[in-house]
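Chains as they are written, first to last, in my numbering: chain A, 1 to 77; chain B, 78 to 642.
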Amino acid sequence: MKTISDLKIDEEAIVQKILAKEPVKGRLLSMGIVKGAKVKVVAHTLARQTWDILSNNTKVALREEEAHSIAVKGLHE
Amino acid sequence: MSSEIKVAIVGQPNVGKSSIINALSNAKLHVGNFSGVTVEKKEVYLKRDDYDIKMTDLPGIYALNAYTPEEQVAKDFLINEDYDVVVNVVDANTLSRNLIFTMQLLDMHKKTILVINMIDEVEKKGGLLNKHKLEELLGIPIVLTSAKENRGVEEIVTQIIKLYNAPLAKNKIYYNEKVELRVEELAKILRKSPHFKSPDYSRFLAIRLLDRDEDVYKMIHDLPIFIEAHNALEKMYKELESEFDEESTTDILANERAAISYNLQMEALDMEEDDESLSEKLDNFLIHPIFGLPIFLFFMWALFQLTFVLGNYPMNVIANIFGETSSFLADFLPKGIFNSVLTQGILPAVGAIIMFLPNILVLFLGLNLLEQTGYMSRAAYLMDGFLKRFGLQGKAFVPLVSGFGCTVPAYMAARTLKNPKDRIITMLVLGFMSCGARLPIYVLLVSAFFINSNPGNMLFYIYIGGAFLGLVVAKILRTVLFKGEPEPFVMEMPPYRFPSFKALGMDLWIKTKMFLQKAGTFIAIAAMVIWFLSSYPVNDTIVQNYNTKIEQTVDTSKKESLKMS
């Protein structure tokens with residue numbers, strides 16, 4: 001399954017499912033990262049350890065593990 | 078006759094709640110703690126017409142599914158405390174995300190005002206918000222504000238009074254039929270208990286239970302209706318989860334709320350999608366994979382240089398004033414105990430502390446500036462990969478850096494870490510982050526031992542050395558005492574904002590006041606005690622005794638040591 005950590009910088013996708021467990025899941029949901037939301041990878045650090053994603057005008061910083069727990073599909077899939 | 082209106086101000090972090098409070102005119106601000114916890118509690122007192130308005134500013138909260146201790150405090154207040162009006166502050170730029178939380182607040186069905194802040198930023202981008210339409214859809218009054226331009230802030234107060242006197246409006250937000258059906262069924266069971274007779278309250282609790290809220294689950298746990306409610310709940314979880322094909326009812330409600338919020342925004346807000354905003358342009362550069370870290374280190378270095386160089390000028394002035402005053406008073410006042418305690422005990426001690434006020438203020442100002450502009454969270458983003466190696470997470474960076482200013486707020490900032498292990502490790506190593514009060518000692522050491530080197534650089538090394546040692550200790554603690562994975566890292570990065578000078582000034586003023594109060598009271602008293610202990614008791618017999626001993630001793634070294642005692 002494709003997740004956020006498979007995306008390239010500036011690539012956009014649609015959230016399909018949040019695989020993270022609570023409480024991370026609840027936090028993601030309250031930040032508007034829900035099923036159907038559009039997300040875009042803005043940046044990641046050199047070692048791809050920390051990710052910066054944009055969704056609903058909100059920028060959220062995530063670790064690789066959390067980025068890997070958000071399943072996405074391409075905009076036109 | 079005046080009546081009191083109790084208001085709870087609530088909103089997600091970074092929506093500009095504090096700047097709204099600062100913009101209220103003739104308000105008396107009282108800063109304290111929520112009882113039992115070290116979470117800052119700001120209360121604002123206002124008088125308008127015949128009303129005494131008491132506003133409690135709750136800590137920023139993303140959702141009622143509390144995550145951090147601050148959020149828990151806000152949630153407990155909302156559910157258990159008594160208040161008349163809820164003021165929900167949201168950011169116009171991220172309206173639909175903010176409305177997700179508003180939905181949860183509306184579940185309570187209390188008198189609520191929606192304050193849409195930073196509306197100027199949306200309008201500048203060519204956005205247009207249809208306030209009346211949104212009021213119609215949500216069924217609550219809306220105030221559009223821009224704390225920066227001081228727009229709409231007074232209208233909040235007018236609306237509070239108006240709403241206080243108006244009857245509670247009908248709830249307009251309902252979930253999917255399948256969900257509402259269960260909510261009503263569950264609420265009916267809850268109403269059998271005398272605690273939950275009110276239809277609004279039982280509906281709210283039913284929604285919270287379906288949202289798998291553990292706090293509410295505990296509330297009903299010891300009641301006679303528990304078995305019935307529990308069985309019904311288990312059945313509903315299963316039914317709903319299969320009907321919606323979701324893993325958990327929490328997801329169902331989250332999706333529902335997100336969908337309603339998104340539709341509300343589509344209906345009421347006419348806004349083009351952002352091109353690359355200024356924030357993004359800045360981020361291309363400030364969180365650049367390669368240049369981000371050096372830029373960050375430069376900022377830190379500059380902050381400490383400023384603290385030292387800039388703080389030095391007023392420092393000399395203050396030192397001179399205190400020196401002159403005490404020597405003038407020593408000559409002017411009659412000789413005696415009072416003269417001695419004042420000019421040799423209190424004044425030098427208090428002066429030595431106040432001398433460093435400028436340095437401390439510059440440091441605080443710098444840290445505040447980093448926080449207000451939004452750079453602090455970028456720093457956490459940049460540092461996470463590095464801190465993770467020491468068993469900490471990026472967010473721990475904020476308390477660690479605040480530790481350079483003052484350790485007390487740093488301990489408070491550590492509460493943003495949810496995981497208790499992460500929190501305790503961070504707190505334990507905070508002592509290695511040299512706080513502002515240690516600056517005098519470092520300055521003394523630097524000027525005593527490193528006369529020929531650049532004092533700013535030496536100071537920077539001392540600070541960095543301490544911080545590095547702290548990280549090593551954190552790693553040791555993580556591997557030996559507190560085994561386990563660091564907390565997951567999910568953090569909002571707010572857009573860059575120009576800092577509000579009023580808020581910066583307010584904060585500095587509160588800090589200065591607290592510092593001076595302590596210097597004037599605790600330190601003055603302590604100085605008096607030390608002066609007393611070093612001067613008294615003057616016991617003539619003992620003095621006589623020692624003098625005789627000194628005279629009688631032949632051994633010179635023994636003579637010296639006796640003189641000392």
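Where is the CB? At the ideal position from N, CA and C, for every residue including glycine.
Cutoff 8 Å: residue i Cβ touching any chain A Cβ
| i | result |
| --- | --- |
| B/Phe-375 | no |
| B/Pro-301 | no |
| B/Arg-174 | yes |
| B/Glu-200 | no |
| B/Phe-566 | yes |
| B/Thr-171 | yes |
| B/Thr-326 | no |
| B/Met-185 | no |
| B/Glu-357 | yes |
| B/Asp-360 | yes |
| B/Pro-366 | yes |
| B/Lys-498 | no |
| B/Lys-225 | no |
| B/Lys-465 | yes |
| B/Phe-178 | yes |
| B/Tyr-144 | yes |
| B/Ser-279 | no |
Residue-chain proximity (residue i, chain B), Cβ-Cβ < 8 Å
| i | result |
| --- | --- |
| A/Asp-52 | yes |
| A/Ala-47 | yes |
| A/Ala-71 | no |
| A/Val-39 | no |
| A/Thr-58 | yes |
| A/Leu-28 | yes |
| A/Leu-62 | yes |
| A/Lys-35 | yes |
| A/Glu-65 | yes |
| A/Met-1 | no |
| A/Gly-32 | yes |
8 Å contact criterion, which residue i and residue j should meet: CB distance rounded
| i | j | result |
| --- | --- | --- |
| B/Phe-467 | B/Ser-511 | Not a contact, Cβ separation roughly 18 Å. |
| B/Leu-477 | B/Leu-554 | Contact flag wrong, Cβ pair sits at about 14 Å. |
| B/Leu-380 | B/Asn-436 | Not really, about 12 Å apart at Cβ, beyond 8 Å. |
| B/Leu-341 | B/Leu-191 | Rounded, the Cβ-Cβ distance is 11 Å, inconsistent with contact. |
| B/Leu-101 | B/Val-121 | 7 Å |
| B/Leu-215 | B/Ile-250 | 7 Å |
| B/Tyr-452 | A/Ala-61 | Rounded, the Cβ-Cβ distance is 13 Å, inconsistent with contact. |
| B/Met-195 | B/Asn-170 | 6 Å |
| B/Leu-206 | B/Leu-183 | Actually they are not in contact, since the Cβ atoms of B/Leu-206 and B/Leu-183 sit about 19 Å apart, beyond 8 Å. |
| B/Val-92 | B/Asn-175 | 7 Å |
| B/Ile-217 | B/Thr-189 | 5 Å |
| A/Ile-14 | A/Val-41 | Not confirmed; about 13 Å, so no contact. |
| B/Val-389 | A/Gly-26 | A small correction: the amino acid at residue 389 of chain B is Asn; Val does not occupy that position in the sequence shown. About 49 Å separates the two Cβ atoms, so there is no contact after all. |
Per DSSP, cross-strand counterpart(s) of residue i
| i | result |
| --- | --- |
| B/Val-162 | B/Val-84 |
| A/Trp-51 | A/His-44 and A/Leu-62 |
| B/Asn-194 | B/Asp-168 |
| A/Gly-74 | A/Ala-13 |
| B/Val-121 | B/Leu-106 and B/Met-132 |
| B/Thr-618 | B/Thr-618 is not bridged to any residue. |
| B/Leu-205 | B/Asp-347 |
| B/Thr-189 | B/Val-163 |
Beta-carbon neighbours of residue i, restricted to chain D and to distances below 9 Å
| i | result |
| --- | --- |
| A/Ala-13 | Going by chain labels, chain D is absent from the structure shown, which instead holds the protein chains A and B. |
Span separating the alpha-carbon of residue i from that of residue j
| i | j | result |
| --- | --- | --- |
| B/Ile-600 | B/Phe-559 | 38 Å |
| A/Gly-74 | B/Met-313 | 34 Å |
| A/Leu-46 | B/Lys-255 | 47 Å |
| B/Glu-148 | B/Pro-366 | 32 Å |
| B/Leu-581 | B/Asn-445 | 7 Å |
| B/Thr-598 | B/Asn-416 | 19 Å |
| B/Phe-463 | B/Phe-368 | 15 Å |
| A/Ser-55 | B/Ser-530 | 50 Å |
| B/Pro-576 | B/Gln-449 | 6 Å |
| B/Val-230 | B/Ser-223 | 7 Å |
| B/Glu-117 | B/Asp-134 | 9 Å |
| B/Ile-86 | A/Thr-50 | 33 Å |
| B/Trp-608 | B/Gln-421 | 8 Å |
| B/Phe-578 | B/Trp-586 | 12 Å |
| B/Lys-225 | B/Asp-197 | 9 Å |
heavy atom of the ligand SAM below 7 Å from residue i C-beta
| i | result |
| --- | --- |
| A/Ile-33 | In terms of ligand content, the structure shown is empty, and the ligand SAM therefore cannot be addressed. |
Contained alpha helix (DSSP H) runs [length at least 4] in the region 509 to 537 of chain B, N- to C-terminal order: 516 to 526
4-residue-minimum alpha helix (DSSP H) runs that sit fully inside the region 350 to 389 of chain B, ordered along the chain: 355 to 363
Entirely enclosed alpha helix (DSSP H) segments - the region 377 to 464 of chain B, minimum 4 residues: 414 to 417, 424 to 431 and 434 to 450
Unbroken stretches of the alpha helix (DSSP H), 4 residues or longer, contained in the region 294 to 351 of chain B: 303 to 321 and 326 to 345
Sequence ranges, beta strand (DSSP E) only - wholly within the region 233 to 265 of chain B, length at least 3: none
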